[in-house]
Amino acid sequence: MKYLSSRNLYYILYVFVVIVVILIGFNIYFTIQIHNQLGKIVSQPGRWPVGAYVYDPVIGFDFAPNISGPIRDRSFYVKSHKFGYRIGKHEDASSFRSGGILSLGCSYTYGDEVESEQTFTQLIADSLGIPAYNYGVSSFSYIHALLKAQNLKEHGVLDKLKPTYVILGCWSGLLNRSRSPYPPILSENIPLVAAHICKDENEVSIHPPVKIDRAFELIDLYRKEGVGMSFKKFVKIFFIVPQILPLYLTNSQKSGKSGEAVYNDNVTDFEIYDYYFTAIENLFSPYGTQVIVLYMPYLPFDIPDKALTEVIARHPDIIFVDGHKAVNKFNIPESEYRARHPQPSVHKSYAWETIEMIQPTL
90 MKYLSSRNLY YILYVFVVIV VILIGFNIYF TIQIHNQLGK IVSQPGRWPV GAYVYDPVIG
150 FDFAPNISGP IRDRSFYVKS HKFGYRIGKH EDASSFRSGG ILSLGCSYTY GDEVESEQTF
210 TQLIADSLGI PAYNYGVSSF SYIHALLKAQ NLKEHGVLDK LKPTYVILGC WSGLLNRSRS
270 PYPPILSENI PLVAAHICKD ENEVSIHPPV KIDRAFELID LYRKEGVGMS FKKFVKIFFI
330 VPQILPLYLT NSQKSGKSGE AVYNDNVTDF EIYDYYFTAI ENLFSPYGTQ VIVLYMPYLP
390 FDIPDKALTE VIARHPDIIF VDGHKAVNKF NIPESEYRAR HPQPSVHKSY AWETIEMIQP
450 TL
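Encoded structure:
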């Protein structure tokens, strides 16, 4: 019996050692892979200026304040105010004036592919003679936009800006983004995760993002110390592989893909819109801010969906601007918005239609 017990013990120990060796080998392999990826991030920066995207434990990621530089192909300029909103290349990043128009949304609102002064946010503001606070962030969803606004409130920024108008940039793709823990990845050089909406029993709530602060710490480390491997880097990566490996694998899988899997499909489109609009109205009501919803078509036949029109009907104080109607009204060529970011002429049509809709309230 003693012999058998001893034999079993040796066998268990042997299996344990084998498993440990396999896990160490696994960790070493991915440590090297992640090291190589970090080297690419530093030596071959992505489309956006270095440091443009920052980690946020509540939102998942955000656009950094005080960033200034051209987009990689120099087709437009990227610059943000100290409060985080987009401004023009020659604008002061520290001065501000209250009582403007604040916009929330994704790259359509930010104005990817156009200059700051060509965005509908700035065009509306210029027409009304008020400042613009463009808080659109590429890859954002309705949930990101809401959390961003709440973040601005908590940090006292809304108390300083006291916007007269808040415009919510909407389009069909943001519904599934709002359900997903992973936003559309801009490039494999930017590790992003997302807060998202979910539903437990009958209650709709926001689920926090996966914690990825270590990934951003590593990127900063490589930017400071260069791309060469060192013992310090190896040890740091080795011990946090379990945390960042899922992110690394997801980034590799989703890089360059616009399609996203549908998560939390038990949350209806109606519930997403109603949750978002209700929270925004409550958040901005202390400032007497007029809420505007701007629907932007992705395709020529892309019209406001039934859920959106039903929710708008339940929020009579919201001004609704139909971008599909605007591009047809002002004879904007389909090539200017079809399956792409809105071009300058499209932003103009949105601005003109919005101004027309809010004229009676002036």
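Counted the way this note's numbering counts, the sequence shown spans residues 90 to 451.
Ideal Cβ positions, reconstructed from N, Cα and C, are used throughout, including at glycine.
Bear in mind the structure is a predicted one, so any value in this text is a computation, not a measurement.
Three-way DSSP call (helix, strand, coil) for Gly258 in this model: Here Gly258 sits in strand by DSSP.
Beta-carbon proximity of Phe359 to Val410, cut-off 8 Å: no
Beta-carbon proximity check, Ile308 vs Ile232, cutoff 8 Å: no
Where Arg429 sits in the DSSP three-state scheme: coil
Option nearest Thr398 by Cα separation, candidates Phe390, Pro389, Tyr387 and Val382: Val382
Span of the beta strand (DSSP E) around Glu290: Per DSSP, Glu290 belongs to no beta strand (DSSP E) and is neither H nor E.
Sequence-distant residues of its chain with Cβ nearer than 6 Å to Leu263 (five each side left out): Here the set comprises Ser230 and Tyr231.
Inter-residue spacing [alpha-carbon to alpha-carbon] between Ile160 and Ile111: Approximately 43 Å between the Cα atoms of the pair.
Secondary structure of Ala221, DSSP reduced to three states: strand
Selected residue, minimal CA-CA separation from Ser169, among Val226, Gly128 and Ser187: Val226
Closest Cα partner of Phe165 within the set Tyr224, Trp137, Leu257 and Phe209: Trp137
Length of the line joining the Cα atoms of Ile190 and Asn125: As the crow flies, the alpha-carbon of Ile190 is around 44 Å from that of Asn125.
Sequence ranges, alpha helix (DSSP H) only - wholly within the region 298-339, length at least 4: 302-314
Cβ shell of Ile444 (< 8 Å), same chain only, five flanking positions each side left out: Ile213, Ser216 and Leu217
Distance, Pro272 Cα to Asn155 Cα: 24 Å
Span separating the alpha-carbon of Asn223 from that of Lys237: 12 Å
Beta-carbon contacts of Val131 that lie in its chain and below 7 Å, excluding the five residues immediately before and after: Tyr311, Arg312 and Val316
Contained beta strand (DSSP E) runs [length at least 3] in the region 160-193, N- to C-terminal order: With a minimum length of 3 residues, the continuous beta strand (DSSP E) runs that stay inside the region 160-193 are 166-168.
Between the CA atoms of Gly258 and Asp201 - distance to the nearest angstrom: 13 Å
Run of the beta strand (DSSP E) containing Ile381, from where it starts to where it stops: Gln379 to Tyr384 is the extent of the beta strand (DSSP E) around Ile381.
Expected contact under 8 Å - CB spacing of Thr378 and Val255 to nearest Å: Contact between Thr378 and Val255 is confirmed by a C-beta separation of about 5 Å, below the 8 Å threshold.
Residue from Val435, Arg403 and Ser319 with nearest C-alpha to His413: Val435
Beta-bridge partners of Phe150, as assigned by DSSP: Tyr144
Residue from Tyr384, Val203, Arg403 and Lys395 with nearest C-alpha to Glu442: If you compare the alpha carbons of Tyr384, Val203, Arg403 and Lys395 with that of Glu442, the shortest gap goes to Tyr384.
Under the three-state DSSP convention, the category Val410 falls into: Residue state, collapsed to three classes: strand.
Euclidean distance between Cα positions of Leu98 and Ile108: Distance between the alpha carbons of Leu98 and Ile108 is about 15 Å.
Span of the alpha helix (DSSP H) around Arg268: Leu263 to Arg268
Cut-off 7 Å between Cβ atoms - residues of its own chain near Leu127, not counting five sequence neighbours on either side: Leu307, Ile308 and Tyr311
Whether Tyr376 touches Leu235 by CB criterion (8 Å): Contact: no.
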